[in-house]
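In the working numbering, the protein residues as written are 1 to 95.
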């Protein structure tokens with residue numbers, strides 16, 4: 001019997017998933033990121049401060065929460081701030 005095919009998600013040495021680069025994000029028309037701490041605090045930032053070759057996952061361990069002081073965060077593209085075609089909520093095609 002053949003073995004099931006498992007899809008491999010690239011991961012960093014510490015087990016965190018490897019995410020897209022800022023350049024790939026900008027190619028999709030997205031210009032902002034959302035940074036979430038494990039305690040629930042979050043902030044939205046303009047992504048122009050980082051170069052194209054940096055991955056979102058490369059920055060995650062470097063963030064320090066201003067609320068609780070813990071290090072590490074979840075960094076995600078801000079779909080609502082970028083290209084409205086990619087917005088998860090609130091997008092309506094008016095045509």
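The beta-carbon is built from N, C-alpha and C at its ideal position, and this holds for glycine as well.
Treat the numbers as computed from the prediction; the structure is a model and nothing was measured.
Euclidean distance between Cα positions of residue i and residue j
| i | j | result |
| --- | --- | --- |
| residue 81 | residue 35 | 14 Å |
| residue 49 | residue 70 | 22 Å |
| residue 27 | residue 21 | 10 Å |
| residue 38 | residue 74 | 8 Å |
| residue 65 | residue 32 | 18 Å |
| residue 43 | residue 63 | 11 Å |
Candidates the options, of which the one nearest residue i by Cα
| i | options | result |
| --- | --- | --- |
| residue 30 | 74, 52, 59 and 42 | 52 |
| residue 79 | 68, 46 and 64 | 46 |
| residue 25 | 73, 44 and 55 | 55 |
| residue 110 | 67, 72 and 68 | The question about residue 110 has no answer, for the chain in this structure spans 1 to 95. |
Neighbourhood of residue i by C-beta, 6 Å cutoff - its chain only, sequence neighbours within 5 removed
| i | result |
| --- | --- |
| residue 23 | 52 |
| residue 19 | 55, 56 and 57 |
| residue 76 | 34 |
Contact set for residue i: own chain, Cβ-Cβ below 8 Å, skip 5 residues either direction
| i | result |
| --- | --- |
| residue 41 | 65, 66, 67 and 68 |
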